[in-house]
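To start, the structure itself, in structure tokens.
In the working numbering, the protein residues as written are -18 to 481.
Here is the structure:
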């Protein structure tokens, strides 16, 4: 739910800014899903295909739970955590959602849904509760409309016109300026390329830079490719920025639900070193900046979030699976000698000893205490006050503002302006920084592209409908966490309510 709507909120701000110019916005579509319709609602007119529909279904947070399956496989999951709301490990411990987590998730989806529905109702001039009524009674409304989804959308004032593609283009030619009988247009790729070229030209004479660094994905140790936040990778980017005289401020855009505690602190330390050189660091939170994502944000000079950003999740967990019972069922056993009580404590084919459990829990408790302390220091609060709003609890950006976890609500453009103000810059260039690809990574990308193209040519991607592929991804989402468990101490900062 939250992963998409905060991006929509940012685009909404841009659309509303564009409307102030007095130029019309016209939305045309064969169909509108929930996200697409939110953007379309900003238009002066919405045109829908006669065979199309407006699909508004609401938000939900559902998870798959594997406790019964793990029991059948005789896999023992040893979990260590701090925080009543730290739900990332629940799929391995339960067969359903705990009451605490269900309460938290209910508050999250209700808050995000209130934002969505109230915005659409305002933009379309609909009465309060109209979107709820449409979604909850869709079966009855559709039956009354004889199954005609486009007619229903027009009847409910969700769209303004029903038109075929030919009729849509004819209408656009009629109301928009153009030449030779066709309205003037530019595709998105050409528009973005033009903007980049214009930006480079206008910035050529500007000596000062605000560097924009993007941290998107799970936080993992070491060097990592784009799409994953490598602790060493991001730290090295900050190290390079510190050595560039023209860089006067940094905006760190975070879209992460967390990951390795160790890697998160490597990044936090690199940010701190940058600040000590007199370079202000401003955080712009995207869809989510929670758990490890909040760890790396807490010390920033200024933190901005959107009202629908998911943040907080200040909690810690450790997870270690052991398979001694699984192997025993197959007739495989582990035996040997060690010089201490904890020799072989990380072997997955042996049961975890009480001493090992105490070591892991002590490590988790220590990281939580550190987490609370660094948040308290960064937010000018106290550990006791932070603990009250921590314990793994996830907050929307709007609520986080009231709790003091963020400084103000705003989008990426606002964050860039704040960074420039902190650095006392009247003129500046925004310099987007990314990790340069190695030759090996370029080769892998090319191979991946070729493999994907081959699969498409063979029709493999069409074996399952897209909706089923998406559902399979959601069902297996908790298992994706296991792919990123690389912390050297086995201690993690993850937000389960955030997309991974």
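All C-beta atoms, glycine included, are put in the ideal place defined by N, C-alpha and C.
Just so you know, these numbers come straight off a predicted model, no measurement behind them.
Cβ neighbours of residue i in the same chain (closer than 8 Å, five flanking residues each side left out)
{"i": "residue 412", "result": "190, 191, 192, 193 and 228"}
{"i": "residue 379", "result": "92, 288, 289 and 390"}
{"i": "residue 357", "result": "363, 364, 366 and 367"}
{"i": "residue 106", "result": "138"}
{"i": "residue 154", "result": "162, 163 and 164"}
{"i": "residue 104", "result": "22 and 23"}
Rounded separation between residue i and residue j - CA only
{"i": "residue 276", "j": "residue 232", "result": "16 Å"}
{"i": "residue 80", "j": "residue 65", "result": "10 Å"}
{"i": "residue 6", "j": "residue 34", "result": "20 Å"}
{"i": "residue 200", "j": "residue 295", "result": "15 Å"}
{"i": "residue 273", "j": "residue 382", "result": "19 Å"}
{"i": "residue 252", "j": "residue 352", "result": "16 Å"}
{"i": "residue 145", "j": "residue 135", "result": "14 Å"}
{"i": "residue 53", "j": "residue 43", "result": "23 Å"}
{"i": "residue 315", "j": "residue 337", "result": "17 Å"}
{"i": "residue 476", "j": "residue -6", "result": "27 Å"}
{"i": "residue 115", "j": "residue 102", "result": "11 Å"}
{"i": "residue 377", "j": "residue 341", "result": "31 Å"}
{"i": "residue 309", "j": "residue 75", "result": "24 Å"}
{"i": "residue 263", "j": "residue 323", "result": "44 Å"}
{"i": "residue 97", "j": "residue 225", "result": "42 Å"}
{"i": "residue 48", "j": "residue 73", "result": "5 Å"}
{"i": "residue 112", "j": "residue -4", "result": "21 Å"}
{"i": "residue 359", "j": "residue 280", "result": "4 Å"}
{"i": "residue 25", "j": "residue 369", "result": "46 Å"}
{"i": "residue 83", "j": "residue 210", "result": "29 Å"}
{"i": "residue 95", "j": "residue 51", "result": "38 Å"}
{"i": "residue -2", "j": "residue 110", "result": "26 Å"}
{"i": "residue 143", "j": "residue 302", "result": "56 Å"}
{"i": "residue 0", "j": "residue 100", "result": "16 Å"}
{"i": "residue 175", "j": "residue 339", "result": "59 Å"}
{"i": "residue 398", "j": "residue 119", "result": "44 Å"}
{"i": "residue 325", "j": "residue 410", "result": "54 Å"}
{"i": "residue 122", "j": "residue 128", "result": "9 Å"}
Spatial neighbours of residue i in its chain, beta-carbon cut-off 7 Å, leaving aside the 5 residues before and after
{"i": "residue 70", "result": "60, 62, 298 and 300"}
{"i": "residue 304", "result": "56, 329 and 330"}
{"i": "residue 346", "result": "63"}
{"i": "residue 18", "result": "35 and 37"}
{"i": "residue 487", "result": "Residue 487 cannot be examined here, being either before or after the span of the chain that is shown, -18 to 481."}
{"i": "residue 307", "result": "54, 55 and 56"}
{"i": "residue 16", "result": "-15 and -11"}
{"i": "residue 354", "result": "364"}
Burial state of residue i (16 or more Cβ within 10 Å)
{"i": "residue 45", "result": "exposed"}
{"i": "residue 23", "result": "buried"}
{"i": "residue 333", "result": "buried"}
{"i": "residue 130", "result": "buried"}
{"i": "residue 372", "result": "buried"}
{"i": "residue 318", "result": "exposed"}
{"i": "residue -11", "result": "buried"}
{"i": "residue -9", "result": "buried"}
{"i": "residue 195", "result": "buried"}
{"i": "residue 166", "result": "exposed"}
{"i": "residue 85", "result": "buried"}
{"i": "residue 505", "result": "For the chain, the structure presents residues -18 to 481; residue 505 sits outside this window and is missing."}
{"i": "residue 87", "result": "exposed"}
{"i": "residue 156", "result": "exposed"}
{"i": "residue 216", "result": "buried"}
{"i": "residue 151", "result": "exposed"}
{"i": "residue 2", "result": "exposed"}
{"i": "residue 269", "result": "buried"}
{"i": "residue 425", "result": "Bear in mind that the predicted position of residue 425 carries a pLDDT of just 49, short of 50, making it too unreliable to give a figure here."}
Beta-carbon proximity list for residue i, same chain, < 6 Å, skipping 5 on both sides
{"i": "residue 404", "result": "229, 230 and 261"}
{"i": "residue 482", "result": "No answer is possible for residue 482: the residues shown for the chain start at -18 and end at 481."}
{"i": "residue 197", "result": "236"}
{"i": "residue 159", "result": "165"}
Nearest-angstrom beta carbon gap, residue j and residue i [assumed within contact, 8 Å]
{"i": "residue 234", "j": "residue 265", "result": "5 Å"}
{"i": "residue 140", "j": "residue 27", "result": "4 Å"}
{"i": "residue 386", "j": "residue 292", "result": "6 Å"}
{"i": "residue 388", "j": "residue 249", "result": "So it is not a contact: roughly 17 Å between Cβ atoms."}
{"i": "residue 126", "j": "residue 132", "result": "5 Å"}
{"i": "residue 238", "j": "residue -13", "result": "Between residue -13 and residue 238 the Cβ distance is about 13 Å, and since that is not below 8 Å, they are no contact."}
{"i": "residue 396", "j": "residue 311", "result": "In fact, because the Cβ distance is near 55 Å, the residues do not count as touching under 8 Å."}
Is the region 7 to 18 touching the region 29 to 43, taking contact as three or more C-beta pairs under 8 Å?
Touching, yes, given that three or more Cβ pairs across the two stretches are closer than 8 Å.
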